[in-house]
């Protein structure tokens, strides 16, 4: 059963991402939205964690939230792909369920 | 029986601060939240601007995710929210000129002072802690 996990909190403020990564089954997909996008960038204290997670999960980031926060898509960790709102809907439709890590 | 004439209205400069002693306190606004994900950053900015009208000694600190408030290049068109980051550049006009950013917070987020929309003073935790200790009033957001 394929699950789409959404994380909308900064990894520096909450443990939402860490908890998600601990419990998400290999092969499930992560979508970083709102303040969750801060985890997707190179050069941060959580970059290693994200790189490790890419070994067992597809990771996506919501581009409008990235741009709103002044983050350059060129600064994304390699392997993390951008989606727009339509892509978010497609991801939700392509998975059996969506789990939100608030 | 004649009535005394009404007193003249006070001159417009009656409210000037230079009449009589004035109490100036050191105010520090502490920002620890990212913008847009919650209302804290915008509310803090509003309070700083309101407080600036009272001619106090104002400082603003950005710690933790608060440093993201100052990130250059914010473009909120896609999320249909107000981009309030240009307002940080206007703080100078309100004599809010002491902006402090914690170095450790920048480093953990892969940012430098060059990534920020306004000139700031980058202080390490120890130095920022000393600044905080000197304040009369600390308002946290």
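Chains as they are written, first to last, in the working numbering: chain L, 4 to 105; chain V, 5 to 145. Glycine is no exception: its CB is placed at the ideal position from the N, C-alpha and C atoms.
Determine the extent of the beta strand (DSSP E) in which residue 61 of chain V is found, giving its start and end residues.
The continuous beta strand (DSSP E) containing residue 61 of chain V extends over residues 61-66.
Residue 17 of chain L versus L:49, L:32 and L:6, residue with shortest Cα-Cα distance:
Ranking the options by Cα distance to residue 17 of chain L, first place goes to L:49.
Flag this pair as yes or no: are the beta carbons of residue 92 of chain V and residue 141 of chain V separated by less than 8 Å?
Contact flag unset, no.
DSSP state of residue 113 of chain L mapped onto helix, strand, coil:
For chain L, the structure presents residues 4 to 105; residue 113 of chain L sits outside this window and is missing.
Could you tell me whether the Cβ atoms of residue 120 of chain V and residue 106 of chain V are closer together than 8 Å?
No Cβ-Cβ contact shorter than 8 Å links residue 120 of chain V with residue 106 of chain V.
For the region 32-57 of chain L, which residues have a CB atom closer than 9 Å to at least one CB atom of chain V, in sequence order?
Those residues of the region 32-57 of chain L that come within reach of chain V (Cβ to Cβ, closer than 9 Å) are 37, 38, 39, 41, 44, 45, 46, 47, 48, 49 and 50.
Please specify which runs of the alpha helix (DSSP H), each continuous and at least 4 residues long, are wholly inside the region 42-123 of chain V, giving them in chain order.
Along the length of the region 42-123 of chain V, whole alpha helix (DSSP H) runs at least 4 residues long occupy 44-56, 90-94 and 107-112, reported in chain order.
Length of the line joining the Cα atoms of residue 52 of chain V and residue 32 of chain V
Roughly 9 Å between the two C-alpha positions.
Are at least three pairs of beta-carbons, each pair with one atom in the region 90-101 of chain L and one in the region 33-46 of chain V, less than 8 Å apart?
With the cut-off at 8 Å, the region 90-101 of chain L and the region 33-46 of chain V do not touch.
Under a three-way DSSP split, which group does residue 37 of chain L fall into?
Helix, per DSSP.
C-beta neighbour in chain V for residue 91 of chain L, strict 8 Å
The beta carbon of residue 91 of chain L does not come within 8 Å of any beta carbon belonging to chain V, so the residue lies off that interface.
Looking at residue 44 of chain L and residue 114 of chain V, is the spacing between their C-beta atoms short of 8 Å?
For residue 114 of chain V and residue 44 of chain L, yes; Cβs fall inside 8 Å.
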